[in-house]
Amino acid sequence: MALQSIERLAKEIAKLPGIGEKTAFRLAMHFFYGDDIHRESFASALKDLKTDVVFCRVCGNLSTNELCDICSDEKRDRSILCVVARYADLLAIEQTGEYRGRYHLLHGLIAPIKGVSIRDIRLKELFERVDKETPSEIILAFDAGIEGDTTANYIVKMLAGKQTVSRIAYGISMGSDIENADVHSLSRSMMNRTVLR
Ligand SMILES: [Zn+2]
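So that you can map any letter, position 68 of the sequence shown is 68 in the numbering used here, and since no number is skipped, the others follow by simple counting.
So this is what it looks like as structure tokens:
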């Protein structure tokens, strides 16, 4: 039987997505044999994770300030709003370097099977924002699939304003997953978006 402290660490690591018990144990041993500096910097990075990062009060982006870098950038186009489910999706779109509008992060998609309802994601904030800022176009950049479709349909239904609502295109090269799409496919998918309303 392994020592308690190693087991305790292995147990925590095993809670991470995609990590089985064997890998968790191997990683715990890696820390055990590794140097003190790495152990300490790892621990302090984990400890600071929640204290350094806040949600931008406008768009919900992860930020170190009340207003994120994108919202405080005067050069970003205020007439286009790109709605994404997750921070990773925003990062993927930013990496294309072609989108110059602003974002709204929902922090999830409507998924009744997983118990995620309309009220659990930042939809109310989106509608309030659209009312106030009146962007001319709203781009929905969700992964393909039932959760993305349900959320897109709901947004289209609720936004009875003057805005154009479009959704990014999905093709063979793009796949269904924004986070893992390559930069070229994703930028093409943003360009070839379909107007929903
Ligand atoms: Zn922001």
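In this text, a Cβ means the ideal position worked out from N, Cα and C, and glycines have one as well.
Following the continuous alpha helix (DSSP H) through Val58, name the residue where it begins and the one where it ends. The continuous stretches of alpha helix (DSSP H) do not include Val58, and DSSP gives it neither H nor E.
Contacting residues, own chain, Cβ-Cβ under 6 Å from Ala14 (five flanking each side not counted): Glu21 and Ala24
Whose CB is closer than 5 Å to a heavy atom of ligand 1? List the residues in chain order. That gives Cys56, Val58, Cys59, Asn61, Cys68 and Cys71.
Taking C-beta to C-beta, are Ser136 and Ser185 nearer than 7 Å? Not in contact: Ser136 and Ser185 (Cβ atoms no closer than 7 Å).
Contact set for Ile155: own chain, Cβ-Cβ below 8 Å, skip 5 residues either direction: Val83, Leu123, Leu126, Ile138, Leu140 and Val165
Cα-Cα separation, His107 to Leu196: 22 Å
Do Arg193 and Ala160 have their C-beta atoms within less than 7 Å of each other? The beta carbons of Arg193 and Ala160 sit no closer together than 7 Å.
So what's Ile121 in DSSP terms, helix, strand or just coil? coil
Return the residue from the list Tyr33, Ala144 and Val58 that minimises the CA-CA distance to Leu109. Ala144
Is the CB of Asn153 under 7 Å away from at least one CB in chain B? Within the model displayed, chain B is absent; a lone protein chain is all it includes.
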